[in-house]
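K.L.:
Number of protein chains: 2
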Amino acid sequence: MIETLVVLAPGLLGASVARAARARGVAERIVIWARRPEVRVALVDQPWCDEVADSPEAAVAEAGMVVVASPVTRIPALVQRIAQDLPEHAIVTDVGSVKAEICREARTSLADTAATFVGSHPMAGSALTGWENADPELFEGRTCFVTPQEADQTTAVETVVRFWRDLGSEVVTTTADQHDEIVAHISHLPQIVATNLGTLLGARPSQWSHLAGNGLKDTTRIAASDATMWIEILEQNRDEILRALKGFEDDLHHFRSALSNRDWTELRARLERGKSWRDGLRP
Amino acid sequence: MIETLVVLAPGLLGASVARAARARGVAERIVIWARRPEVRVALVDQPWCDEVADSPEAAVAEAGMVVVASPVTRIPALVQRIAQDLPEHAIVTDVGSVKAEICREARTSLADTAATFVGSHPMAGSALTGWENADPELFEGRTCFVTPQEADQTTAVETVVRFWRDLGSEVVTTTADQHDEIVAHISHLPQIVATNLGTLLGARPSQWSHLAGNGLKDTTRIAASDATMWIEILEQNRDEILRALKGFEDDLHHFRSALSNRDWTELRARLERGKSWRDGLRP
Numbered sequence: 000m001i002e003t004l005v006v007l008a009p010g011l012l013g014a015s016v017a018r019a020a021r022a023r024g025v026a027e028r029i030v031i032w033a034r035r036p037e038v039r040v041a042l043v044d045q046p047w048c049d050e051v052a053d054s055p056e057a058a059v060a061e062a063g064m065v066v067v068a069s070p071v072t073r074i075p076a077l078v079q080r081i082a083q084d085l086p087e088h089a090i091v092t093d094v095g096s097v098k099a100e101i102c103r104e105a106r107t108s109l110a111d112t113a114a115t116f117v118g119s120h121p122m123a124g125s126a127l128t129g130w131e132n133a134d135p136e137l138f139e140g141r142t143c144f145v146t147p148q149e150a151d152q153t154t155a156v157e158t159v160v161r162f163w164r165d166l167g168s169e170v171v172t173t174t175a176d177q178h179d180e181i182v183a184h185i186s187h188l189p190q191i192v193a194t195n196l197g198t199l200l201g202a203r204p205s206q207w208s209h210l211a212g213n214g215l216k217d218t219t220r221i222a223a224s225d226a227t228m229w230i231e232i233l234e235q236n237r238d239e240i241l242r243a244l245k246g247f248e249d250d251l252h253h254f255r256s257a258l259s260n261r262d263w264t265e266l267r268a269r270l271e272r273g274k275s276w277r278d279g280l281r282p
Numbered sequence: 000m001i002e003t004l005v006v007l008a009p010g011l012l013g014a015s016v017a018r019a020a021r022a023r024g025v026a027e028r029i030v031i032w033a034r035r036p037e038v039r040v041a042l043v044d045q046p047w048c049d050e051v052a053d054s055p056e057a058a059v060a061e062a063g064m065v066v067v068a069s070p071v072t073r074i075p076a077l078v079q080r081i082a083q084d085l086p087e088h089a090i091v092t093d094v095g096s097v098k099a100e101i102c103r104e105a106r107t108s109l110a111d112t113a114a115t116f117v118g119s120h121p122m123a124g125s126a127l128t129g130w131e132n133a134d135p136e137l138f139e140g141r142t143c144f145v146t147p148q149e150a151d152q153t154t155a156v157e158t159v160v161r162f163w164r165d166l167g168s169e170v171v172t173t174t175a176d177q178h179d180e181i182v183a184h185i186s187h188l189p190q191i192v193a194t195n196l197g198t199l200l201g202a203r204p205s206q207w208s209h210l211a212g213n214g215l216k217d218t219t220r221i222a223a224s225d226a227t228m229w230i231e232i233l234e235q236n237r238d239e240i241l242r243a244l245k246g247f248e249d250d251l252h253h254f255r256s257a258l259s260n261r262d263w264t265e266l267r268a269r270l271e272r273g274k275s276w277r278d279g280l281r282p
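Chains as they are written, first to last, in numbering that gives the first Met the number 0: chain H, 0 to 282; chain G, 0 to 282.
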């Protein structure tokens with residue numbers, strides 16, 4: 000059990016971490032710091048919050064584990080800010096959806112301390128945002144990436160892995176670079192595809208879209224995601240996304256060439272490969 | 000009320016037409032012809048089937064309305080086959096998901112008869128196929144395109160429109176060419192995008208896909224569609240699909256250029272346009 004769990008900048012994910020930790024008895028004491036004063040006032044009354052700190056530095060003073068739950072672009076600065084106030088052997092992790100840059104910067108910040116940063120990315124979310132919508136079951140059965148470096152202390156990595164398992168996640172450990180390549184394909188590319196279907200159809204008569212069936216609705220559901228969050232992801236994972244997107248454009252171009260050449264054999268093979276992959280996906 | 004409704008080659012859609020017509024009292028008598036003898040035997044016992052004919056020619060002998068429900072590529076040949084056996088003023092329609100080619104060929108077949116062809120495309124379906132899975136509520140609240148030509152008799156068009164409304168559909172009338180352009184964008188393009196995401200991910204380590212969240216699952220759900228049906232659609236609507244696909248590739252290329260150039264203003268505008276379109280889609 001973690002003696003003191005600290006969650007910094009809780010939105011939906013951070014507050015869900017705290018609620019899940021309380022519900023499952025993962026931490027003895029939970030300390031929270033939120034950037035906005037009015038949120039700090041509101042959090043005092045939450046049963047999953049034992050103490051609300053006035054600053055991140057004060058929050059981490061007795062931390063066994065710190066979860067930095069801010070938007071990705073602010074994670075490195077927050078880690079930097081708490082670095083000199085972390086107790087010895089404190090473990091710092093995050094919930095950012097891109098890992099290489101965050102891990103590199105966080106490790107630099109902690110280089111001259113006795114604390115360790117091990118990156119995390121719980122693949123969980125909701126159409127809702129904000130700590131008010133936190134869900135103690137948010138991580139149940141969902142993938143959580145943990146991205147250690149070779150040089151990391153085994154015990155710190157094991158602690159982070161156990162933490163996410165205790166919250167209900169299925170943990171996958173991989174390097175930060177490999178993580179970013181994987182999510183560029185399984186998460187960022189689908190988002191860009193959905194967005195671009197949306198902009199294309201948005202430039203056509205609006206009646207067209209109202210005639211759409213469930214196929215189009217499913218294919219474009221994630222186009223409704225928050226633009227600010229996605230700008231940050233595009234910025235942080237630019238290189239891997241550019242590569243994945245180029246691969247997709249090439250595939251699409253080959254498909255169009257085959258259709259242009261009436262190469263039904265090739266088109267059937269592609270339709271069947273796509274179907275076979277989708278049929279094999281876990282429900 | 001239609002005196003004699005004839006459904007030729009009932010699969011999921013055709014049998015759902017018959018069941019919906021029976022459930023809603025749209026036709027006095029329902030006559031069916033199926034290509035496979037064993038299906039004809041099985042249909043005799045169905046409460047939504049008053050008579051099973053041994054041939055399409057025999058089936059239409061007293062038809063007020065004929066619904067040709069075969070796969071798209073076989074519709075023109077079936078219309079041709081029944082042309083000389085249709086009663087005067089019989090109305091023939093279909094359920095094909097592409098319209099220009101079918102309508103052109105069917106009209107040619109009926110040119111020297113007193114029967115009229117008015118194309119239809121009910122945008123309804125199911126993951127299931129076959130007449131056994133027919134659903135009398137399949138058309139409830141779903142869009143159905145009716146694609147008359149200017150020269151068509153108003154009463155024939157009105158009869159077909161009323162027919163689909165009586166089965167629960169929301170009818171949209173448009174030209175066959177316009178229909179094909181619309182569905183290339185709202186149905187065929189999303190299918191190709193989902194298929195190509197599937198082939199791309201199918202060529203990566205299979206563990207990657209198992210880590211995917213609901214975003215990827217939704218975006219690629221229709222990649223599991225039947226390849227044979229889609230080859231027929233690609234064939235029949237090739238020109239419109241090539242145009243829609245080229246437009247999508249151009250959009251995607253611009254998105255990638257903006258990301259490559261770190262043009263965050265442009266990327267944010269695109270993300271927001273995609274979101275705004277998706278937020279405006281009817282649930």
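Don't be surprised by glycine CBs; every beta carbon is placed ideally from N, CA and C. None of the values given here were measured: they were computed from a predicted structure.
#1: Between G:Asp53 and G:Ile74, how many whole angstroms is the CB-CB distance? I'm expecting something under 8 Å.
#2: What residue from G:Asp49, G:Trp47 and G:Pro55 has the CA that sits closest to G:Arg35's CA?
#3: Can you tell me where the beta strand (DSSP E) holding H:Ile1 begins and where it ends?
#4: Should the segment 102-111 of chain H be regarded as contacting the segment 120-139 of chain H, the criterion being three or more beta carbon pairs within less than 8 Å?
#5: What is the DSSP secondary structure of H:Met228, counted as helix, strand or coil?
#6: May I have a chain-ordered list of the alpha helix (DSSP H) segments no shorter than 4 residues that lie completely inside the segment 207-269 of chain H?
#7: For a contact defined as C-beta to C-beta under 9 Å, what are the partners of H:Gly129 on chain G?
#8: Anything in chain H within Cβ reach of G:Met295, meaning under 7 Å, just list it in chain order.
#9: What residues in the segment 209-230 of chain H have a beta carbon less than 9 Å from any beta carbon of chain G?
#10: Taking contact to mean at least 3 C-beta pairs separated by less than 8 Å, is the segment 225-234 of chain G in contact with the segment 263-277 of chain H?
#11: Taking contact to mean 3 or more Cβ pairs, one atom from each stretch, closer than 8 Å, check whether the segment 0-20 of chain G and the segment 160-167 of chain G are in contact.
#12: Return the chain-ordered ranges of every beta strand (DSSP E) run that is complete within the segment 41-74 of chain G and spans a minimum of 3 residues.
#13: Could you name the residues of the segment 246-260 of chain H whose beta carbon sits closer than 8 Å to any beta carbon of chain G, in the order they occur along the chain?
#14: May I ask you to report which of helix, strand or coil DSSP gives H:Thr92?
#15: For chain G, is any of its Cβ atoms less than 8 Å away from the one on H:Thr92?
#16: Would you say G:Ser119 and G:Val78 are within 8 Å of each other, going by their C-beta atoms?
#17: Can you tell which of G:Ala99, G:Asp176, G:Ile81 and G:Met122 has the C-alpha that lies nearest to the C-alpha of G:Leu12?
#18: G:Ser186 and H:Leu215 - do their beta-carbons sit closer together than 8 Å?
#19: Taking Cβ to Cβ, would you say G:Leu60 is nearer than 8 Å to G:Thr115?
#20: Assign G:Val145 to one of three DSSP states: helix, strand, or coil.
#21: Could you confirm whether any beta carbon from chain H is found closer than 8 Å to the beta carbon of G:Gly13?
#22: Which first and last residues belong to the beta strand (DSSP E) in which G:Ala284 is found?
#23: Under three-state DSSP, which class holds H:Thr158?
#24: Residues of chain H with a CB under 7 Å from the CB of G:Leu266: which are they?
#25: Need the endpoints of the beta strand (DSSP E) that G:Ser119 sits in, please.
#26: Whose CA, out of H:Val5, H:Pro189 and H:Ala89, lies closest to the CA of H:Ser69?
#27: When the Cβ atoms of the segment 33-50 of chain H are set against those of the segment 175-193 of chain H, are three or more pairs found closer than 8 Å?
#28: Quickly, what does DSSP pair G:Glu300 with across the bridge? List them, please.
#29: Can you list the residues of chain H that G:Pro189 reaches, using a CB-CB cut of under 7 Å?
#30: Quick one: grab the DSSP three-state call for H:Val170.
#31: Using a Cβ cut-off of 7 Å, which residues of the segment 121-153 of chain G contact any Cβ in chain H, in chain order?
#32: Taking only three categories from DSSP, how would you classify G:Thr115?
#33: Closer than 9 Å by beta-carbon distance: list the chain G residues that pair up with H:Trp263, in chain order.
#34: Closer than 8 Å, CB to CB, is G:Arg39 near chain H or not?
#35: Which residues in the same chain as G:Thr72 place their Cβ atom closer than 6 Å to its Cβ, once the five residues preceding and following it in sequence are excluded?
#36: How long is the line joining the alpha carbons of G:Glu149 and H:Phe254, rounded to whole angstroms?
P.N.:
Quick answer:
#1: Not confirmed; about 20 Å, so no contact.
#2: G:Pro55
#3: Ile1 to Leu7
#4: no
#5: helix
#6: 213-219, 226-235 and 237-259
#7: Those within 9 Å of H:Gly129 in chain G number zero; the least Cβ separation is about 18 Å.
#8: No answer is possible for residue 295 of chain G: the residues shown for chain G start at 0 and end at 282.
#9: His209, Leu210, Ala211, Gly212, Asn213, Gly214, Leu215, Lys216, Asp217, Thr218, Thr219, Arg220, Ile221, Ala222, Ala223, Ser224, Asp225, Ala226, Thr227, Trp229 and Ile230
#10: yes
#11: yes
#12: 64-67
#13: Gly246, Phe247, Glu248, Asp250, Leu251, His252, Phe254, Arg255, Leu258 and Ser259
#14: strand
#15: no
#16: no
#17: G:Met122
#18: yes
#19: It should be noted that the sequence gives Ala, not Leu, for residue 60 of chain G. No. Outside cutoff.
#20: strand
#21: no
#22: The structure shown does not extend to residue 284 of chain G, since chain G spans only 0 to 282, so no value can be given for it.
#23: helix
#24: Ile230 and Leu233
#25: Gly118 to Pro121
#26: H:Val5
#27: no
#28: No answer is possible for residue 300 of chain G: the residues shown for chain G start at 0 and end at 282.
#29: Leu196, Gly214, Leu215 and Thr218
#30: strand
#31: Met122 and Thr142
#32: strand
#33: Ile230, Leu233 and Glu234
#34: no
#35: Glu231
#36: 36 Å
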